[in-house]
Amino acid sequence: MHSLLRALPALSCFTPLLLGCGREPVVEGLDVEGWSGQCVSLRADKRWLVPNDGGYSWERDAEDDAARLRLQAADLGVYLLFDEAEQYLVANTELVTREPALQSELSRIIGGVIDETFISGGEWALEPSSQGGVRYQLHNRRNDAWLGRDGLVTDVDDALAITLEPVEGCAVFPELSVDAAGTITKTTFDDGTLYGIVDAHSHLLSNLAFGGGIYHGAAFHRLGVPHALPDCEVIHGPAGRHDFFGYIYDGSGNSTGDLTAVLGDLVEGELSVDNHLTAGYPTFPDWPNAVKRSTHQVQYYRWLERAWMAGLRLEIQHATTNAIICNFMVGEGVAPSRYDCEDMTAVDRIIDETWAMQRYIDAQHGGEGKGWFRIVQSPAEAREVIAAGKLAVVLGIETSDLFDCHLTPRPGGPVCDEAYVEAKLDEYYERGVRALFPNHKYDNRFTPGDGSGDFLELGNFFNSGHWTNKTDACPEPDMPRGFDGGAISFTDLNFPRDVYLSDPPHDFSGFHDDPLDTAIEFVQEILGGSTEGQFCQNGAFTDVGEALLMGMMARGMIIELDHLPAWSYKRAFELLEEHDYPAAGTHGRHWDGRIYALGGISTVGLGRCHDAADPGSSVRGVTESAARITAQGGYPGTPMGFDLNGFAGSRGPRFAEGACSTEQLNPITWPFESYAGDVTFAQPQLGERSVDFNTEGMIHIGLLPELLEDARRDAASEADLEPLFRSAEAWIRMWELAEARSETLGG
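Each step along the sequence shown adds one to the number in this note's numbering, with nothing skipped, and position 410 is 1432.
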């Protein structure tokens, strides 16, 4: 249709009696979503939009001088107008100006608060002209006004009726490359089952977690990559000196992750040493780096697109956050925030943003439903999407205080009884959520937390007001230990209680106002040392926690098990086996295959180092897992769960100094073909630099093609890796079984 517009004659007003001068019949179905990437000039009657020093003007018969504008989609039907001199058409007020850069919410941090409501003056909604014809009008989102002859106008009848004239000579809008060529053709195996990998544990939008100001970098941004992945100084401070959480977690001089080592720096308000280089797009000298930089985005949508082209077909997108981490950093003034620190505030924002991400990717590909990223709400829908060669995305939640059900209720908080939980399950199911962790790290009203040590154990203390609750009276030793296994990090904070739901001995309701001083009151206990041994959380599911599990079963939802502490994990299996219901272990637990016997899944990883004396050692986890599943009568698909953007690290390089104990041979060379043979991958580029997987590892999700290729070079045969490409089918079969069982459980 766009190519026809140039040939359409301008229809002039031939009588003032017909609709008024300039009005024509409205064209039904005029396309407003399919213009992304198009190069156009704007014509209003005989006048053309022409650039000048400070802005633009409408000049008669000035086709040769007209601005060459690249229309870059910011959302469905919303565009940035980027001219040949790499300037933007902007209206921050009623005046229309020509600007070299756009402002975003990160430009508007006032009093430590990022202005989530900020709308760029460079966003223009393309609308059919109210004056009819094959013409448009431009609606400025910031000002809720339209482009007129001499600036913005507030009356739609005064909006210019614009023809988009296709031209050449536009500038290329900034974007990252995928460094891949080909078209996805393989969507099923010969037996008719789905072809593709599932990432069963993912976090795409952690920049919106933790109050929205600790984790830097977005999976997408309406204003493009310069705003999605800018210099992180705005979040982490000069040289990353405000990135306390990243410094502690990454072990940048503090390998134990011990918060006490930086207490003095917290008092001063910044780290005493340079932490990391902050530059982002387009140079990226120090991040993204999932191997060693945990507080920076590693799943930008173009990197995810590259992974999809390598065979990723199913993504389980968990909204995650942690209120105590947020309250500590924001409360001490070392991190900005977008909103309050409560878990469900961030969860709600992330769910909404995942839907917005789908719209954004659709917009880049020409309209609603045309993108490769599709949120699905049923296994049948997932099958349809994957069979079409696209990426199916399932929404989930992984957070400590699920549904605001704190162990110690907040003032004015909900009463987390069975009726409340049922209502919340209905609410989030309606929003598209299909997978839930009952808990994550900290104690809540459903179950004790998973008891992770070090500063996470300390956070549980301040989140609940209860002493640490670990015991050596743990379930049978053959049950797989989760995160609550092992030592007690703070011996002098551990006082196991007989009644899990007893009243707390401490009131930390004001923790968010003064976190450091609150913590310092317990400095002697914090410094009191640890106790080695095999301990576990002293408690299991509460009655309302069991009601949560049963409510999920009744709705056919996926129960995520792997943050449950030992006694809750044991009880979960009793309930699952009683009701013959599948579940997911996306941190790798399967209890000697019992999870497979139920029709569930667990995740597996690929080894880092190759051994010439033991070919296939790096993929043995895959082949052994497939054999274990088959022995339990399951479908031999072995999911991976990268947990990227979730502080989980990533596969490091084989060829780094000291990485492997044996000599490493056969490095990756480019180009190479995907496992399916339908896509060819070139060496990945990261803005202005090249990435070498051999020496850097899997620094972002876009290196999945290299991870798989590296494994292929060690595998005894291509068949060794086939279970990975059957994993999307395996996950969907689990989901289908869950839905089938729900029909007998009240669903």
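Just so it is clear, CB atoms sit at the ideal spot from N, CA and C, and this is done for glycine as well.
Beta-bridge pairing of residue i - partner residues as DSSP gives them
{"i": "serine 1359", "result": "Val1135"}
{"i": "alanine 1414", "result": "Leu1336 and Arg1396"}
{"i": "phenylalanine 1000", "result": "For the chain, the structure presents residues 1023 to 1769; residue 1000 sits outside this window and is missing."}
{"i": "valine 1220", "result": "Leu1336"}
{"i": "tryptophan 1309", "result": "According to DSSP, which records beta bridges pairwise, tryptophan 1309 is partnered with nothing at all."}
{"i": "cysteine 1061", "result": "Arg1092"}
{"i": "lysine 1492", "result": "Gln1559"}
{"i": "glycine 1189", "result": "Strictly speaking, residue 1189 in this sequence is valine, with glycine absent from that position. DSSP, once it has assigned bridges, lists no residue as partnering valine 1189."}
{"i": "valine 1175", "result": "Trp1168"}
{"i": "serine 1126", "result": "Paired residues: none, contrary to the question."}
{"i": "proline 1073", "result": "Tyr1078"}
{"i": "methionine 1662", "result": "Asp1221"}
{"i": "tyrosine 1269", "result": "Paired residue(s): none; tyrosine 1269 is not in a bridge."}
Residue i burial status per 10 Å Cβ neighbour count (16 or more: buried)
{"i": "threonine 1205", "result": "exposed"}
{"i": "glutamate 1420", "result": "buried"}
{"i": "valine 1289", "result": "exposed"}
{"i": "proline 1537", "result": "buried"}
{"i": "asparagine 1491", "result": "buried"}
{"i": "valine 1437", "result": "exposed"}
{"i": "serine 1199", "result": "exposed"}
{"i": "serine 1294", "result": "exposed"}
{"i": "glycine 1768", "result": "exposed"}
{"i": "valine 1713", "result": "buried"}
{"i": "lysine 1068", "result": "exposed"}
{"i": "aspartate 1365", "result": "buried"}
{"i": "leucine 1030", "result": "Only weak support exists for where leucine 1030 lies, its pLDDT of 37 falling under 50; the value from the coordinates is given anyway. It is exposed - the Cβ of leucine 1030 has fewer than 16 other Cβ atoms within 10 Å."}
{"i": "arginine 1082", "result": "exposed"}
{"i": "serine 1524", "result": "exposed"}
{"i": "arginine 1244", "result": "buried"}
Coarse secondary structure for residue i, derived from DSSP in three states
{"i": "proline 1150", "result": "strand"}
{"i": "glycine 1204", "result": "strand"}
{"i": "glycine 1638", "result": "coil"}
{"i": "serine 1025", "result": "Reliability of the predicted coordinates at serine 1025 is poor, the pLDDT of 40 falling under 50, and no value is obtained from them."}
{"i": "asparagine 1667", "result": "coil"}
{"i": "phenylalanine 1468", "result": "coil"}
{"i": "tyrosine 1303", "result": "coil"}
{"i": "valine 1407", "result": "helix"}
{"i": "serine 1672", "result": "coil"}
{"i": "cysteine 1748", "result": "One point to set straight first is that residue 1748 is arginine, not cysteine, in the sequence displayed. Here arginine 1748 sits in coil by DSSP."}
{"i": "serine 1199", "result": "coil"}
{"i": "phenylalanine 1533", "result": "helix"}
{"i": "glutamine 1159", "result": "strand"}
{"i": "aspartate 1105", "result": "strand"}
{"i": "phenylalanine 1036", "result": "Because phenylalanine 1036 carries a pLDDT of 38, less than 50, the predicted location of this residue cannot be relied on, and the following value inherits that uncertainty. Of the three classes helix, strand and coil, the one that applies to phenylalanine 1036 here is coil, per DSSP."}
{"i": "tyrosine 1603", "result": "coil"}
Rounded separation between residue i and residue j - CA only
{"i": "arginine 1157", "j": "aspartate 1172", "result": "19 Å"}
{"i": "alanine 1329", "j": "arginine 1519", "result": "47 Å"}
{"i": "leucine 1026", "j": "leucine 1583", "result": "The predicted position of leucine 1026 is uncertain, since its pLDDT is 33 and thus under 50; no value can be drawn from it."}
{"i": "methionine 1662", "j": "glycine 1627", "result": "6 Å"}
{"i": "cysteine 1682", "j": "alanine 1588", "result": "33 Å"}
{"i": "glycine 1561", "j": "aspartate 1465", "result": "10 Å"}
{"i": "tyrosine 1303", "j": "glutamine 1319", "result": "12 Å"}
{"i": "phenylalanine 1232", "j": "valine 1313", "result": "21 Å"}
{"i": "asparagine 1276", "j": "tyrosine 1269", "result": "Residue confidence for asparagine 1276 is low, a pLDDT of 40 falling below 50, so the modelled location carries little weight; the figure read from the coordinates is stated next. C-alpha separation (whole angstroms): 8 Å."}
{"i": "proline 1497", "j": "lysine 1592", "result": "8 Å"}
{"i": "proline 1431", "j": "arginine 1748", "result": "44 Å"}
{"i": "glutamate 1758", "j": "leucine 1326", "result": "26 Å"}
{"i": "tyrosine 1078", "j": "serine 1228", "result": "39 Å"}
{"i": "alanine 1762", "j": "proline 1460", "result": "22 Å"}
{"i": "valine 1062", "j": "glycine 1154", "result": "20 Å"}
{"i": "alanine 1341", "j": "threonine 1469", "result": "19 Å"}
{"i": "alanine 1088", "j": "valine 1701", "result": "40 Å"}
{"i": "glutamate 1751", "j": "serine 1152", "result": "49 Å"}
{"i": "asparagine 1162", "j": "alanine 1113", "result": "7 Å"}
Residue i CB to nearest heavy atom of the ligand SAM below 7 Å
{"i": "aspartate 1374", "result": "Looking at this structure, you won't find the ligand SAM or any other ligand, since it has none at all."}
- request: Give a yes or no on contact between the region 1441-1451 and the region 1572-1579, applying the rule of three or more CB pairs nearer than 8 Å.
  value: Yes, the region 1441-1451 is in contact with the region 1572-1579.
field: At least 3 beta-carbon pairs within less than 8 Å: the region 1249-1265 vs the region 1399-1415
entry: Result no; under three Cβ-Cβ pairs closer than 8 Å.
message: Assess contact between the region 1085-1102 and the region 1188-1207, defined as three or more Cβ pairs (one per stretch) separated by less than 8 Å. Is contact present?
response: yes
message: Below 8 Å, how does it come out for the region 1476-1494 and the region 1507-1522: are there three or more Cβ pairs, yes or no?
response: yes
- prompt: Counting pairs of Cβ atoms below 8 Å between the region 1252-1260 and the region 1329-1348, do you hit three or more?
  reply: no
task: Taking 8 Å as the threshold, find out whether the region 1617-1637 comes into contact with the region 1654-1669 through three or more Cβ pairs.
output: yes
message: Quick check: the region 1556-1572 against the region 1529-1536, are at least 3 beta-carbon pairs closer than 8 Å?
response: no
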